[in-house]
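Residue numbers (UniProt numbering): 1 to 1166.
Notes follow once the structure below has been shown.
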Amino acid sequence: MRHGYFNQVKFNAMSVNLSQPSFVHLRCHSEYSIVDGTVRIDDYVAHATKDQMPALALTDLSNLFGAIKFYKEARGNGVKPILGCDLWLENSTNRDQPYRVMLLCQTLVGYTKLCALISRAYLENQYRGKPEIKREWLIEAGSEGLIMLSSGMMGDIGQALLQGNTATAKQLAQAWADLFPNRFYIELQRAGHAQQEAYISRAVALASQLALPVVATHPVQFIETEDFKAHEARVCIAEGYVLADTRRPKAFTEDQYFKTQAEMNALFVDIPEALANSVEIAKRCNLTLSLGKNFLPQFPTPNGEGLDEYLVTQAQEGLLKRLEVLYPDAEKRAAKAPEYEARLAFETSIIIQMGFPGYFLIVADFINWAKHNGVPVGPGRGSGAGSVVAYSLGITDLDPLQYALLFERFLNPERVSMPDFDIDFCQEGRDRVIDYVKQKYGLEAVSQIATFGTMAAKAVIRDVGRVLDLPFNFVDGIAKLIPLELGITLKDALEKEPQLAERREQEEEVKELLELALRLEGLTRNVGMHAGGVLISPSKISDFSPIYCQANGDSLVSQYDKDDVEAVGLVKFDFLGLRTLTILEMALVNANAQRAEQNLPALSFETLPIDDKPTYQLLKSANTTAVFQLESRGMKDMLKQAKPDCFEDIIALVALYRPGPMDLIPDFCRRKHGLQRVEYPHPAVEPILKETYGIMVYQEQVMQIAQVVGGYSLGGADLLRRAMGKKKKEEMDAQRAVFVDGAKQKGTPERQAADLFDLMEKFASYGFNKSHAAAYALVAYHTAYLKTHYPAAFLAATLSADMNNTDSVHIFYDDCVGNGVEVLPPDINQSEFKFKPISDKQVLYGLGALKGSGEAAIEVILAARQQDGPFKDLFDFCARLDLRKVNRRVIESLIRAGAFDKLEPNRNALLAGVNLAISAAEQSGAASGQNSLFGAVSDSAAHILPKVPAWAEPEKLQQEKVALGFYLSGHPYQAYQKELTTFVHTDLGNLKPQDQPQLMAGVVMGVRIRMTQRGKMAIVTLDDAKSRVEVVVGSEMLAQNAHLIKEDQLLVIEGRVSHDDFSGGVRVNVRKIYDIASARSAYANMLKISCNGQADAVKLRELLAPYCRANAEQNNRGCAVKVEYHNSQARVEMMLGEQWRVELHDDLLIGLKAWLSEENVKILYN
């Protein structure tokens, strides 16, 4: 039975000789098969090791996602890794029933062919989500380096045999054997599937007839037998079924666990050759991957120069241009140049020595392309900003020498590793730069990088709940018991949340849900795309990693994640999208348009003064909403304390505002303002720590101290910094000895040197990269500068960049008000898609920020306005547009927002007339073809809006909020403001901490519910049209007043105001909550009604009765009513009885005022 090209091996199939393995697993779907398989790679290898299995294959479905992780894990545990793939094979006669084929890599040639086949299947031949290879591809490319297994009953031969088509099966087997000479096996499986024995019988006969070898495999889908139900749940999650569905496909059995060699021997006792051939195949697969070696793409120099020479030339030319800008004065430039030239020469020598000129030139090329093609690029990110070569080539835009930034922090000659530039591009232009790279290096040589989403604690609960067919609210309740902690596991949650553990013990459904979820938690669930990583390969990406993409060709990524692509030698370039760069570019264009009108030269970020006093004044006042890195509440508080007055202060604050170093902020501020003595731990470190007032803030400072005091080279100091970060005792002890010895040689006493080392070690654990802080501080300064000098231009750009986020638009609108910039309402004849500054203090609302508008619809409107001029009215508007693109929802949103106010101020009439306008437009379109026969059709009579009253102010504001997400033309609080001031004496903005409860009022703008140990609490944001404050409503108060706590509700609050240490503002704990009616009743002395002889007592009774105490809630005292009656003869005042006390509801007051007029209905307060 066994083919003659194997060594003859004889053994007793029932006994496992551990020195001579009897079986090797050649088929396994791990968690990386995504749609099935729950095998974790480390568990898989551990089980093989335990069973003394010397080799092991990973053959995921249609991918190599886990191949490198498996390769490293297996080799690290003394197991020979065999890489392969379980592939879909196109069935040309019935595309809905593809076959399977399994390929195993013998050599690197085979691995490359397999990568190419998988990539081609994804790129060219996906059918209903399955990437399928074609038989002819194997014929074209050849099969060298690959072993093929027939895939048992799922292969084309297996299907033919099961259908009784022996002749077809024979023909197929011979064809595969010819295509894979001496490398094709008939695959046999006993995994509990129906018809398996019938298949084996026919397959063995066929193999014997054609003298083909057979091989036993076991399709491993999970590790332990107990994992079967969890595996079935995983399949249901992927395919959208529920476990209890009797009609769902059941492709897997309980037998598909990791079987030992002994179990496999028992299973195939009758066909020992099949077992032996699994071992033989393992012997024949000898793939060795070269991991850890980098393969850079070849950078094409213009005249074929060497990369080393070209780098030096480009860097020197670039430095000359930089120095001309830095030092316009020729004499000063000549004095400074030697320092820069020496640093440049040092850096280029290191870059050349380490073999990285190509990397720098590639990065410089696409960054400079971006800069010259209208794509804003950040000044730097990460440690790369410390390189003068990078600065000279245009990669970064920050002078490293001016801010003492270190090259060795980026590229250390004493630790060879790839440099890594992270580059920030404008979000809108980032894809254009990636397209440029694809065109330059070839589409097949560029891709993005896969990421793998996993089943996190809450998500796995929801997934498993769905496949168990449990009610949504039930599952949601369980998921919400998991504490809100980043990266929390279900095991942690069960320990931290007693209620979760309690429900597991008491409820069978919860027990089953958690049992399955715990088995599935952390498994790979889906494939995504890395946020910024782009690979550029020296040849096809598929020479290193297979390609994955969606069925439509979108989201093309490597199948290896960022760690694995680097392991196989591909170089990653980080193309990150930064929204602030988009804002800065728009703001600069806006500002320069204003400057052009004033005949002023255009601004450039490169030449902005870095010491502008008004800009630092804005920072000191913490007016930093929308200012990059400095806009959070905590940052604003820090700015008020620190009062930065130079660029170095901004760098330090960016570095300090993080957990850990945040504790140093008070000392930093006190020292800066002379309230605390500045002390240096060693006289030699004063020049290093002076800019941060004696406090170690940056990693670079630790490196410089090691150099100056301990005698380290900067490369050695970088290794020291890394060691301190890792906190490995043996390494630290060795470094301590080196530092102390070096310091002693330079004249520092041993005790002082040891103390200084301890101090450095403490700070190094949370010191920040100064190069990164400096680059981001520059972006922060640029945003602050534009906000200071061109507020309308800057805020219009900020609003435009976040138009889809209503909450952000509202925040930035409030910031406009606070900075004296008027935001004009949208105007159908003036507004553009984006917000537009129309003067230095006015911004016109952007139509794209309206809810339900959409860019396509707005483009149609703007094009029609451009072509035929302003719209005359609603009817003209509808008649001139394609109403399939500008639909009713868009038109109504424009009306509600006030975009038609200049054409017709009655928004209610406009809204009521939308149907008429649309009908008229449709009729006009239908009639236009008849006009030539019957003359023009006059329809002006139909162009009349319905006569309906204009909305009252509250209704108008509510409708406005529907369209904009907030109130623009007014505020609902203002309707009650005059009345409220009679008993609410303090605005929200003027609340001060005090022991006595205070009364305050505002409209609810937002409600956040939090779970605490005492139950639910609510954090409610109140707004009084001037200020906002958050108030805390405890569980009991929340339960009593839940019906009142909703958006747009006016509330009067009695609460205790205290200082909030966290925010630096005030904290309000609510004692009592009133709506306006109950507040009036609680704080009013009486309702005074004046009426004359014409008044009708029955009418008065009818108006008062629904609001009387008798009809009100038991605990509502109501307000006393005084009636002042007068006629021509006399005047009388009388207090109505207790049963006529009323709740002062808006509807009662409106009814009374409508009947008796406003001056005759008054609420009198104490």
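A virtual CB, placed ideally from N, CA and C, is assigned to each residue, including glycine.
Owing to the predicted nature of the structure, the values given are computational and were not obtained by experimental measurement.
Using only the alpha-carbon positions, how far apart do Val817 and Ala626 sit?
Per the coordinates, the alpha-carbon of Val817 lies some 14 Å from the alpha-carbon of Ala626.
Runs of 3 residues minimum, wholly inside the stretch 194-223: which ones carry the beta strand (DSSP E) assignment?
214-216, all fully within the stretch 194-223.
Does the separation of the CB atoms of Leu481 and Leu468 fall below 8 Å?
It is not a contact, given that the beta carbons lie outside the stated cut-off.
So, Cys115 versus Ser545, is the Cβ gap smaller than 8 Å?
Yes; because the gap between Cβ atoms is below 8 Å, this pair is in contact.
Between the C-alpha atoms of Phe768 and Arg409, what's the straight-line distance to the nearest angstrom?
Each residue's Cα considered, the two are about 11 Å apart.
Grouping DSSP H, G and I as helix and E and B as strand, with all else coil, what is Asn1127?
The DSSP-derived three-state label of Asn1127 is coil.
Identify the continuous beta strand (DSSP E) that holds Gly898 and give its terminal residues.
Per DSSP, Gly898 belongs to no beta strand (DSSP E) and is neither H nor E.
Determine which residues share a DSSP beta bridge with Glu144 and list them.
Bridge partners of Glu144 according to DSSP: none are assigned.
Measuring only the C-alpha atoms, how far is Ala1154 from Glu1138?
Ala1154 and Glu1138: Cα-Cα distance of roughly 25 Å.
Across the stretch 747-759 and the stretch 626-641, are there enough close Cβ pairs to call them in contact, namely three or more that are closer than 8 Å?
No: fewer than three Cβ pairs fall under 8 Å.
Let's see if you can read the secondary structure: which residues bound the beta strand (DSSP E) around Gly129?
Careful: Gly129 lies outside any beta strand (DSSP E) and carries neither H nor E.
Rounded C-alpha distance that separates Asp561 from Gly453:
Answer to the nearest angstrom: the Cα atoms are 11 Å apart.
Within the continuous beta strand (DSSP E) that includes Cys426, where are the two ends?
Segment 422-426, the beta strand (DSSP E) holding Cys426.
Name the DSSP bridge partner or partners of His1059?
As DSSP reads the structure, His1059 sits in a beta bridge with Val1066.
Straight-line Cα distance separating Asn887 from Asn915
In this structure, the straight-line span from the alpha carbon of Asn915 to that of Asn887 is close to 11 Å.
Return the bridge partner residues of Ser545 from the DSSP annotation.
According to DSSP, Ser545 bridges with nothing at all.
Let's test the definition: count the other Cβ atoms within 10 Å of the Cβ of Val779 and tell me whether it reaches 16, buried, or not, exposed.
Buried: at least 16 other Cβ atoms inside 10 Å.
With distances taken Cα to Cα, identify the nearest neighbour of Gly725 among Glu339, Gln699, Pro213.
Residue Gln699 is the option with its Cα nearest to Gly725.
Quick check: what's the CA-CA separation for Ala374 versus Gly429?
Looking at the sequence provided, one finds Gly at residue 374 rather than Ala. Taking the straight line joining both Cα atoms gives about 8 Å.
Mind pulling the beta strand (DSSP E) runs of 3 or more residues that sit fully within the stretch 491-564?
Under the rule that a run must span 3 or more residues, the beta strand (DSSP E) segments found entirely inside the stretch 491-564 read 524-536.
Val1066 and Met1037 closer than 8 Å at C-beta
Taking 8 Å as the Cβ cut-off, Val1066 and Met1037 do not qualify as a contacting pair.
Out of Ala230, Ala216, Asp435, which one is the CA nearest neighbour of Glu263?
Of Ala230, Ala216, Asp435, the residue nearest in Cα terms is Ala216.
Separation of Pro21 from Gly533, as counted between CA atoms
The C-alpha of Pro21 is placed about 43 Å away from the C-alpha of Gly533.
Rounded C-alpha distance that separates Ile650 from Phe628:
Spanning the two alpha carbons is a distance of roughly 11 Å.
Relative to the C-alpha of Val568, which residue among Cys1091, Arg736, Phe295 is closest?
If you compare the alpha carbons of Cys1091, Arg736, Phe295 with that of Val568, the shortest gap goes to Phe295.
For Cys105 and Thr798, the rounded distance between their alpha carbons
One C-alpha to the other measures close to 54 Å.
For Ile68, collect the residues of the same chain with a Cβ closer than 7 Å to its Cβ; drop the 5 residues on either side in sequence, then sort them by chain order.
If the five residues before and after Ile68 are omitted, its C-beta is found closer than 7 Å to the C-beta atoms of Tyr560, Asp564, Ala567, Val568, all from its own chain and listed in chain order.
What three-state label does DSSP hand Lys50 in the structure shown?
Judged by DSSP in its simplified three-state form, Lys50 adopts helix.
Any idea what DSSP makes of Lys1122, helix, strand or coil?
Reduced to three states, the DSSP call for Lys1122 is strand.
My understanding is that Val475 touches Gly487, with C-beta atoms under 8 Å, so please give their C-beta distance in whole angstroms.
That pair is no contact at about 21 Å.
Local Cβ density within 10 Å of Lys727, reported as buried at 16 or more and exposed below that
Counting the other CB atoms within 10 Å of its CB gives Lys727 a total below 16, which places it among the exposed residues.
Contiguous beta strand (DSSP E) assignments of at least 3 residues, all confined to the stretch 63-103:
You should have 80-89.
CA-CA distance, Lys72 and Lys80?
So the two alpha carbons sit approximately 10 Å from each other.
Pick helix, strand or coil for Ser1090, following the three-state DSSP scheme.
Reduced to three states, the DSSP call for Ser1090 is strand.
Val654 in three-state terms, based on DSSP:
It is helical.
For Val39 versus Phe228, is the C-beta distance shorter than 8 Å?
No. Outside cutoff.
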